[in-house]
Amino acid sequence: MIIGLRSRLTPSSSSTLKIHLKWVTTKAAPFHLFIASRSSANAEPGSDYEQSLVSALKSCASYKGVIQGRQLHGLVFKSGLDFNTFIGNSLINMYAKCGCIHDAELLFGSSPRLDPVSCNIMIDGYVRLGELRLARQVFDKTPEKGCVSFTTMIMGLSKSGQWWNAIELFRDMMVNGLVPNEVTMASVLSAYAHLEGGVCSGGMLHGLVVRLGIAELVLVSTNLVLLYCTCSKLEEAEDVINTMPMEADVVIWGTLLAACRKHENVEIGERAAQHLTRLDPSHGAGRVLLSNIYLENGRWEDASLVRREIRSQRMIRSPAYSGFV
Numbered sequence: 001m002i003i004g005l006r007s008r009l010t011p012s013s014s015s016t017l018k019i020h021l022k023w024v025t026t027k028a029a030p031f032h033l034f035i036a037s038r039s040s041a042n043a044e045p046g047s048d049y050e051q052s053l054v055s056a057l058k059s060c061a062s063y064k065g066v067i068q069g070r071q072l073h074g075l076v077f078k079s080g081l082d083f084n085t086f087i088g089n090s091l092i093n094m095y096a097k098c099g100c101i102h103d104a105e106l107l108f109g110s111s112p113r114l115d116p117v118s119c120n121i122m123i124d125g126y127v128r129l130g131e132l133r134l135a136r137q138v139f140d141k142t143p144e145k146g147c148v149s150f151t152t153m154i155m156g157l158s159k160s161g162q163w164w165n166a167i168e169l170f171r172d173m174m175v176n177g178l179v180p181n182e183v184t185m186a187s188v189l190s191a192y193a194h195l196e197g198g199v200c201s202g203g204m205l206h207g208l209v210v211r212l213g214i215a216e217l218v219l220v221s222t223n224l225v226l227l228y229c230t231c232s233k234l235e236e237a238e239d240v241i242n243t244m245p246m247e248a249d250v251v252i253w254g255t256l257l258a259a260c261r262k263h264e265n266v267e268i269g270e271r272a273a274q275h276l277t278r279l280d281p282s283h284g285a286g287r288v289l290l291s292n293i294y295l296e297n298g299r300w301e302d303a304s305l306v307r308r309e310i311r312s313q314r315m316i317r318s319p320a321y322s323g324f325v
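First residue of the sequence shown: 1, per UniProt numbering; consecutive thereafter.
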């Protein structure tokens, strides 16, 4: 990756000075060029210059170009735009995405008022670093919490294993009348799927994602399968798999097969094993699981036949499936 920054002052016909910003980013792809000019005597919010600064800062955030980001920060300060809310949020985002959370904190703390956008950026930055306590502190004081605020916090709690906290926050979100999106629902479904004892049957959440029109999205349907498997609703899990817009992979079928062994469902287990064999004939983990299902249900001859197939075809025996997302 090559990132270069050049700014220069050139006299104009009216004896004012114009600042030209050229931002070039290359990464084994056509370069992106941002050029803008701003009169030092007539700066207007939303100008091409300011929009180009925002675009350049976004590029820094994407490519982790913190050195160039600091150069831009200096240019922002010299241009008198350090109190521009839009550019300030872009700087906070750049530092947070580059892992410089202390710099992001300094800018965030110096803001004259709390801004929902900057709060969401800080919540996301803390979540990325696993600082859930700090993320929750910012979340609690965020004004006008929206779907983004709740979703980012719920996702962080779910991924860190704080499943009950994620579920409680989701309930608060619904009480506040906010509409969850696919990331929210995937995180909540995953949280429920990790709880032992079948705390949720899945029917209520399934109905919600259907009403939201997101039931067929991959991230949502995958976690819905996991939830049904946890709650021993194997027929429902198989139905979700069969209605997916894309073909289920070995992880999804393997998760269903593992659930069939746990809940002693031979019929669905056989179908799941057939799909696994079709998708990856050399993968022996599914055949091992099927053999164990047969053994645990007293079908000794079927179990012996599967074991012979594994040996004769030299299938690969891999660890058990784990499909939690």
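Even for Gly, the Cβ is constructed at its ideal location relative to N, Cα and C.
Let me know the secondary structure DSSP gives HIS263 once reduced to three states. Here the question's residue 263 lines up with position 263 in the sequence shown. In the three-state reduction of the DSSP assignment, HIS263 falls in the coil class, being assigned neither a helical nor a strand state.
C-alpha distance - MET246 paired with THR222, whole-angstrom precision: Residue 246 sits at position 246 when you count from the first residue of the sequence shown. Residue 222 sits at position 222 when you count from the first residue of the sequence shown. One C-alpha to the other measures close to 11 Å.
Quick check on PHE34: buried or exposed, where buried means 16 or more other Cβ atoms within 10 Å of its Cβ? Start at 1 with the first residue of the sequence shown, and residue 34 comes out as number 34. Low confidence applies here, because PHE34 scores a pLDDT of 45, under 50, leaving its location unreliable and the question unanswered by this model.
Would ASN265 pass as a contact of LEU234 if the rule is Cβ separation under 8 Å? The residue you call residue 265 lines up with position 265 of the sequence shown. The residue you call residue 234 lines up with position 234 of the sequence shown. A contact, by the Cβ cut-off of 8 Å.
Segments of 4+ residues assigned as alpha helix (DSSP H) that fall wholly inside the segment 158-188: The segment 158-188 contains these whole alpha helix (DSSP H) runs: 163-175.
How many angstroms separate the CA atom of SER110 from the CA atom of ASN93? Here residue 110 refers to the residue found at position 110 of the sequence shown. Here residue 93 refers to the residue found at position 93 of the sequence shown. ASN93 has its alpha-carbon roughly 15 Å from the corresponding atom of SER110.
Along the chain, where does the alpha helix (DSSP H) that runs through CYS60 open and close? Numbered from its first residue, the sequence shown carries residue 60 at position 60. Going by DSSP, CYS60 is part of the alpha helix (DSSP H) stretching over 48-63.
Answer with buried or exposed for ARG287, where buried requires no fewer than 16 other C-beta atoms within 10 angstroms of its C-beta. Position 287 of the sequence shown holds residue 287. Classification for ARG287: buried.
Closest Cα partner of LEU134 within the set GLU144, MET122, PRO143, LYS145: As a first step, residue 134 must be located in the sequence shown, where it is residue number 134. Taking only the C-alpha atoms, the option nearest LEU134 is MET122.
In chain order, what residues of the same chain have a beta carbon less than 8 Å from the beta carbon of ILE310, not counting five sequence neighbours either side? On the sequence shown, position 310 is the one that residue 310 refers to. If the five residues before and after ILE310 are omitted, its C-beta is found closer than 8 Å to the C-beta atoms of GLY284, ARG287, VAL288, SER291, ARG317, all from its own chain and listed in chain order.
Less than 8 Å between the C-beta atoms of LEU195 and TRP163, yes or no? Taking the sequence shown and counting its residues from 1, one reaches residue 195 at position 195. Taking the sequence shown and counting its residues from 1, one reaches residue 163 at position 163. TRP163 sits close to LEU195, with the two beta carbons spaced by under 8 Å.
Measure the C-alpha to C-alpha separation of LEU53 and TYR95 and round it to an integer number of angstroms. Along the sequence shown, one-based indexing puts residue 53 at 53. Along the sequence shown, one-based indexing puts residue 95 at 95. C-alpha separation (whole angstroms): 15 Å.
Using a beta-carbon distance below 8 Å, is LEU276 in contact with chain B? Here chain B cannot be found, since the structure has a single protein chain.
Reduced DSSP category for HIS283 - H, G, I as helix; E, B as strand; rest coil: Looking up residue 283 in the sequence shown gives position 283. Here HIS283 carries a strand assignment [DSSP, helix/strand/coil].
Using 8 Å as the threshold, is the C-beta distance between GLY186 and VAL220 below it? Taking the sequence shown and counting its residues from 1, the one referred to as residue 186 is at position 186. Taking the sequence shown and counting its residues from 1, the one referred to as residue 220 is at position 220. Before going further, note that residue 186 is Ala rather than Gly in the sequence given. Yes.
What residue range does the alpha helix (DSSP H) around ILE232 cover? One-based indexing of the sequence shown puts residue 232 at position 232. Per the sequence shown, residue 232 should be read as Ser rather than Ile. Taken as a continuous stretch (DSSP letters only), SER232 belongs to no alpha helix (DSSP H), as it is neither H nor E.
Could you check how far apart the C-beta atoms of LEU169 and LEU157 are, in whole angstroms? I think they sit under 8 Å. Taking the first residue of the sequence shown as 1, we reach residue 169 at position 169. Taking the first residue of the sequence shown as 1, we reach residue 157 at position 157. With 8 Å as the limit, LEU169 and LEU157 qualify as a contact, their Cβ atoms being about 7 Å apart.
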